[in-house]
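Protein sequences, first through last, are from chains V and D. Numbering-wise, my numbering puts 62 at position 62 of the first sequence, and it's gapless, one number per residue. Basically my numbering = 1-based index in the second sequence + 80. Just so it is clear, CB atoms sit at the ideal spot from N, CA and C, and this is done for glycine as well. Take a look at the structure set out below.
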Amino acid sequence: MDITVTAFGIAKDIIKNKEVIISLPSDRSVGALRSLLSNKYPEFEKLASLKFAVNADYVEDGHELKAGDEVVLIPPVSGG
Amino acid sequence: MREIFITEHKLDAKACTEAITYPGAGGIVVFVGTVRDQTKGKTVKHLEFEAYEPMALKEMKKIADYATKHWSLHQMVIHHRTGLVQIEEEAVVIACSSAHRKEAFEACQYAIDTLKETVPIWKKEVFEDGEVWVSAHP
Chain V
1 MDITVTAFGI AKDIIKNKEV IISLPSDRSV GALRSLLSNK YPEFEKLASL
51 KFAVNADYVE DGHELKAGDE VVLIPPVSGG
Chain D
81 MREIFITEHK LDAKACTEAI TYPGAGGIVV FVGTVRDQTK GKTVKHLEFE
131 AYEPMALKEM KKIADYATKH WSLHQMVIHH RTGLVQIEEE AVVIACSSAH
181 RKEAFEACQY AIDTLKETVP IWKKEVFEDG EVWVSAHP
């Protein structure tokens with residue numbers, strides 16, 4: 001299953017793009033996506049944190065992704 | 081009344097204060113986050129804010145819902161700026177009104193502290209010689 005991942009802030013700089021398409025094998029969890037992204041972009045490991053949002057809500061690594069989900073990378077936020 | 085928005089235009093703390101004033105208000109607390117010209121001794125030229133807007137609005141609404149209920153606020157406003165923000169300009173305005181000051185103070189503190197932890201908005205400091213995403217690295 002192909003997942004389109006959208007990036008903001010420093011995550012956008014790391015993937016050098018606004019979006020990246022990642023092919024998930026049988027394991028469709030957010031944790032699996034996290035591992036694939038970290039392998040492809042080792043810079044993610046250096047961040048203070050990296051959260052994921054699915055359909056505009058924070059999710060944990062155990063969350064199962066579905067086709068068509070809006071997946072967004074949330075590096076450390078710094079609003080205010 | 082709650083009013084939540086994100087805009088590329090200048091914020092107006094005075095208008096926020098006026099928006100939440102009501103006859104029963106005994107206390108109005110307004111927090112205005114402004115852009116500072118220094119970070120760790122380096123001169124900041126300006127800031128750039130980026131938001132994942134649908135989720136940022138959702139998270140801001142959660143903050144306002146919780147604060148309004150928990151502290152029995154009468155009204156609350158949270159406005160956040162995006163794009164390029166100059167030194168001294170307002171980046172965020174949070175305004176709370178309630179019958180008594182204690183609730184308004186506590187709610188306002190909660191709102192800005194939580195916003196900085198949960199709302200997907202990112203701030204880039206732009207210096208003469210480079211730029212950095214705030215809080216990205218430990």
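So, is residue 21(V) buried or exposed, given that buried needs 16 or more other C-beta atoms within 10 angstroms?
For the purposes of this step, residue 21(V) is taken as the residue at position 21 of the first sequence. Classification for residue 21(V): exposed.
Is it a yes or a no for the region 102-117 of chain D touching the region 175-188 of chain D, going by three-plus beta-carbon pairs under 8 angstroms?
yes
Can you pull the chain D residues whose beta carbon is under 8 angstroms from the beta carbon of residue 77(V), in chain order?
The residue labelled residue 77(V) in the question sits at position 77 within the first sequence. Simply 196, 197, 198, 199, 200, 201, 202, 215.
Does residue 7(V) have its Cβ less than 7 angstroms from a Cβ in chain D?
As a working note, residue 7(V) is residue 7 in the first sequence. Chain D, which has no Cβ nearer than 7 angstroms to the Cβ of residue 7(V), makes this no.
On the three-state DSSP scale, how would you describe residue 35(V)?
Numbered from its first residue, the first sequence carries residue 35(V) at position 35. In this structure, residue 35(V) counts as helix in the three-state DSSP scheme.
Quick check: the Cα distance between residue 75(V) and residue 137(D), rounded to an integer number of angstroms?
For the purposes of this step, residue 75(V) is taken as residue 75 along the first sequence, with counting starting at 1. For the purposes of this step, residue 137(D) is taken as residue 57 along the second sequence, with counting starting at 1. Roughly 17 angstroms between the two C-alpha positions.
Use the C-beta contact count for residue 160(D): other C-beta atoms within 10 angstroms, 16 or more gives buried, fewer gives exposed.
The residue given as residue 160(D) occupies position 80 in the second sequence. Residue 160(D) is buried by the Cβ-count criterion.
From 81(D), 91(D), 82(D), pick the residue whose C-alpha is nearest to that of residue 172(D); which is it?
Here residue 172(D) corresponds to residue number 92 of the second sequence, with the count starting at 1. Among 81(D), 91(D), 82(D), the Cα nearest to that of residue 172(D) is on 91(D).
Does any CB atom of chain V fall closer than 7 angstroms to the CB of residue 130(D)?
Against the second sequence, residue 130(D) aligns to sequence position 50. In terms of beta-carbon proximity, residue 130(D) lines the interface with chain V, with at least one pair separated by less than 7 angstroms.
For a test of the three-state rule: what should DSSP assign to residue 160(D), helix, strand or coil?
Here residue 160(D) corresponds to residue number 80 of the second sequence, with the count starting at 1. It is a strand residue.
Name the chain D residues whose beta carbon is nearer than 9 angstroms to that of residue 138(V)?
The requested residue 138(V) does not occur in the structure, where chain V is confined to residues 1 to 80.
Output, in chain order, the set of chain V residues within a Cβ distance shorter than 7 angstroms of residue 138(D).
Position 58 of the second sequence, counted from the start, is the residue given in the question as residue 138(D). Per Cβ cutoff of 7 angstroms: 56.
What separation, rounded to the nearest whole angstrom, lies between the Cα atoms of residue 62(V) and residue 180(D)?
On the first sequence, position 62 is the one that residue 62(V) refers to. On the second sequence, position 100 is the one that residue 180(D) refers to. Roughly 44 angstroms separates the two Cα atoms.
Please list, in chain order, the chain V residues whose beta carbon lies closer than 7 angstroms to that of residue 134(D).
On the second sequence, residue 134(D) is found 54 positions in, with the first residue counted as 1. Neighbours of residue 134(D) across chain V, judged by C-beta separation under 7 angstroms: 56.
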